[in-house]
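Line by line, the protein sequences are chains A and B.
Numbering-wise (numbering that gives the first Met the number 0), the first sequence opens with residue 0 and increments by one.
Numbering-wise (numbering that gives the first Met the number 0), the second sequence opens with residue 0 and increments by one.
We put the CB at the ideal spot given by N, CA and C, even for glycine.
Since the structure is predicted, the reported quantities are computational estimates derived from the model, not experimental observations.
Notes to accompany the following structure.
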Amino acid sequence: MPVLMDRERMSRTLTRIAHEIIERNRGVDDLALVGVRTRGVPIARRLAATLGEIAGREVPTGALDITLYRDDLMMNAVGPQPIVRRTEIPFSIDATHIVLVDDVLFTGRTIRAALDALIDFGRPQSIQLVVLVDRGHRELPIKADYVGKNVPTSLRETVQVRIEEIDGRDEVVIEPAEKGPA
Amino acid sequence: MSDAATRLRGKDLLGIADLTAAEITLVLDTAEAMKEIASRPIKKVPALRGKTVVNLFYEPSTRTRTSFEIAEKRLSADTLSIAIASSSVVKGETLVDTALNLEAMAPDIIVLRHGSSGACHLLSRICRAAIVNAGDGMHEHPTQGLLDAFTIRERKGRLAGLKVAIVGDLLHSRVFRSNILLLTKMGADVWGCGPPTLLPPGLEQLGVHPTSRVEEAVRDADVVMMLRIQLERMQGGFFPSLREYFNVFGMTPERVALAKPDAIIMHPGPMNRGVEIASEVADGPGSVILDQVANGVAVRMAVLFLLAGGGEHVAAA
Numbered sequence: 000m001p002v003l004m005d006r007e008r009m010s011r012t013l014t015r016i017a018h019e020i021i022e023r024n025r026g027v028d029d030l031a032l033v034g035v036r037t038r039g040v041p042i043a044r045r046l047a048a049t050l051g052e053i054a055g056r057e058v059p060t061g062a063l064d065i066t067l068y069r070d071d072l073m074m075n076a077v078g079p080q081p082i083v084r085r086t087e088i089p090f091s092i093d094a095t096h097i098v099l100v101d102d103v104l105f106t107g108r109t110i111r112a113a114l115d116a117l118i119d120f121g122r123p124q125s126i127q128l129v130v131l132v133d134r135g136h137r138e139l140p141i142k143a144d145y146v147g148k149n150v151p152t153s154l155r156e157t158v159q160v161r162i163e164e165i166d167g168r169d170e171v172v173i174e175p176a177e178k179g180p181a
Numbered sequence: 000m001s002d003a004a005t006r007l008r009g010k011d012l013l014g015i016a017d018l019t020a021a022e023i024t025l026v027l028d029t030a031e032a033m034k035e036i037a038s039r040p041i042k043k044v045p046a047l048r049g050k051t052v053v054n055l056f057y058e059p060s061t062r063t064r065t066s067f068e069i070a071e072k073r074l075s076a077d078t079l080s081i082a083i084a085s086s087s088v089v090k091g092e093t094l095v096d097t098a099l100n101l102e103a104m105a106p107d108i109i110v111l112r113h114g115s116s117g118a119c120h121l122l123s124r125i126c127r128a129a130i131v132n133a134g135d136g137m138h139e140h141p142t143q144g145l146l147d148a149f150t151i152r153e154r155k156g157r158l159a160g161l162k163v164a165i166v167g168d169l170l171h172s173r174v175f176r177s178n179i180l181l182l183t184k185m186g187a188d189v190w191g192c193g194p195p196t197l198l199p200p201g202l203e204q205l206g207v208h209p210t211s212r213v214e215e216a217v218r219d220a221d222v223v224m225m226l227r228i229q230l231e232r233m234q235g236g237f238f239p240s241l242r243e244y245f246n247v248f249g250m251t252p253e254r255v256a257l258a259k260p261d262a263i264i265m266h267p268g269p270m271n272r273g274v275e276i277a278s279e280v281a282d283g284p285g286s287v288i289l290d291q292v293a294n295g296v297a298v299r300m301a302v303l304f305l306l307a308g309g310g311e312h313v314a315a316a
């Protein structure tokens, strides 16, 4: 079970991405972070903390649940349903530069859903995308602006991101996919 | 996953009786996420896009029907509401025939309000569509029970251990039945209070404390829920007069003062001011009556989504 990222590596990666965000946006003016539930949320909060340290002021941070925007909701009537959780965007996104944060970029369908969900909250000036891991196999024309690590994978593998706030430790590992619908 | 539910087991929502405590918690948790949608500039999500929902209301209803319609529209379902007065029911069509005809047009969900207890169970057996009970006779009104529980949990943070006093016409009330089934399942201490003629027998077996002394029911209560005196059902001489009813059972500020200082006052509506509840109480600081209405939309969105919107959760991101 290869470990792609340990705690220290993850921390350095997020610090590097925070600097890239500041470089590209020339600071943090009109910037806001939105994490995609579940693991995008703690990652966004950590990025916000680092951005705050570098820029000396707080960057608004929200959480987005995309369950109600999924394109696979109706595909199969059996099996566990995705649990809908709260979306919390306690600021206006109009005219802001939104930095969307997720753990793994795979087919791109989650991000497609997240873009639809975000647009329902207003008209941001721009939307940029941060992912901790890009594992390839895109099914939609979507690409990340900031990537923690590019990892070529097989479809028989899954990439597991574990975040201390949720899973008790920080790591990214590749695991064989569980048997399920191909 | 421990014993947390991730889906409803049944195809329908016929009553609280069929739900487990874990399923009730799932509906309430999902409703919390749905409630946020009402605060967005665009109050609509695509979760039930392409699903058809028929609202079939055999009894007059403003609040419940409007609430279901708004919930359906916010989930992007295609909806139509059939008002019985202008339908073929007035030409003598039976409920079963109406349902079979609707079923032939392949709706995904039928929301049914009917004057006969068990009407939803009947439809459930003959329809592929999911049936949502919006009130059947004197049996159940499950979405009202769920929205009441949601409102209590929102204010009190929990249901278990709370003293809930339900005062009014308990005999004819489907709201009462759904509420006691739900609240006892969730571990609340439920008191039922009304004139002896309006107290159904067997409440103790359901885990409810029956009383005809409103002061006893309300004392130290966390929640005081008033039920409507159904004026249309009061031909049977259940009590001498409306004025007497108000004197003995009406919720006045003096009686509310017996409850806990932070007690909340609930009423499923429509209210008879001056019969079961004084205006000072209905409009008072502890009143959450309009919260109940707002929460009704969120809870119905949760129920509709859980019945029709579920698909397999693809683990990959």
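Here the alpha carbons of L139(A) and H18(A) stand approximately 28 Å from one another. Assignment of Y145(A) by DSSP, reduced to helix, strand and coil, places it in the strand class. Scanning its chain for C-beta atoms nearer than 7 Å, with the 5 sequence neighbours on each side dropped, one finds around L99(B) the residues I125, in chain order. Per the coordinates, the alpha-carbon of A116(A) lies some 17 Å from the alpha-carbon of K72(B).
For V44(B), the C-beta contacts it makes with chain A under 7 Å involve L67 and Y68, in order along the chain. The residue among T63(B), E58(B) and S75(B) with its C-alpha nearest the C-alpha of A82(B) is E58(B).
Contact residues of the stretch 121–139 of chain A toward chain B are G121 (C-beta to C-beta distance below 8 Å). Using a Cβ-Cβ cut-off of 8 Å, P199(B) is close to nothing in chain A; its nearest Cβ partner there is about 36 Å away. Taking I141(A) as the centre and dropping the five residues before and after it, the same chain places the C-beta of G107 and I110 closer than 6 Å to its C-beta, in chain order. With contacts defined by Cβ atoms closer than 7 Å, D28(A) and E170(A) do not form a contacting pair.
Of all residues in the stretch 150–163 of chain B, none is placed with a Cβ closer than 7 Å to any Cβ belonging to chain A. The three-state reading of DSSP puts N271(B) in coil, since its state is none of H, G, I, E or B. With distances taken between CA atoms, L202(B) lies nearest to G191(B) out of A129(B), T196(B), G191(B) and R212(B). Within the DSSP bridge table, the entry for R112(B) names F56(B) as partners. Judged by DSSP secondary structure, V207(B) falls within the beta strand (DSSP E) whose first and last residues are V207 to T210.
Beta-bridge partners of L79(B) (DSSP): V53(B). Within the stretch 238–310 of chain B, the complete beta strand (DSSP E) runs of at least 3 residues fall at 263–265. For H96(A), the uninterrupted beta strand (DSSP E) run begins and ends at H96 to L104, by DSSP.
Residue pairing from DSSP places Q159(A) in a beta bridge opposite V172(A). Here I165(A) is exposed. Its C-beta has fewer than 16 other C-beta atoms within 10 Å. Residue contact with chain A for E35(B): present (Cβ-Cβ distance below 7 Å to some residue of chain A). Beta-bridge analysis with DSSP links G167(B) to no other residue. Residue pairing by DSSP places S172(B) opposite no residue, since no beta bridge is assigned to it.
About 11 Å separates the Cβ atoms of L114(A) and V35(A), ruling out a contact at the 8 Å cut-off.
Those residues of the stretch 18–35 of chain B placed with their C-beta closer than 8 Å to a C-beta in chain A are L25, D28, T29, E31, A32, M33 and E35, ordered along the chain.
Taking one beta carbon from each stretch, the stretch 193–200 of chain B and the stretch 154–171 of chain B have 3 or more pairs nearer than 8 Å; the two touch.
7 Å or more divides the Cβ of A31(A) from the Cβ of P1(A). Taking a beta-carbon distance threshold of 7 Å, T86(A) counts as an interface residue toward chain B. By the Cβ rule, the stretch 2–22 of chain B counts as touching the stretch 126–145 of chain B, because three or more pairs are nearer than 8 Å. For the pair V292(B) and A30(B), the CB atoms are not nearer than the 7 Å cut-off. With a cutoff of 7 Å on beta-carbon distance, V217(B) and I179(B) are scored as not near each other. Note on geometry: alpha-carbon atoms of V89(B) and L230(B) lie some 25 Å from one another. Here the alpha carbon of D147(B) sits roughly 10 Å from the alpha carbon of L182(B). Counted as a single uninterrupted DSSP element, the alpha helix (DSSP H) harbouring L13(A) occupies residues R6 to N24.
Using a 10 angstroms sphere on the CB of R122(A), the tally of other CB atoms stays under 16, which defines it as exposed.
The three-state secondary structure of D188(B), taken from DSSP, is strand.
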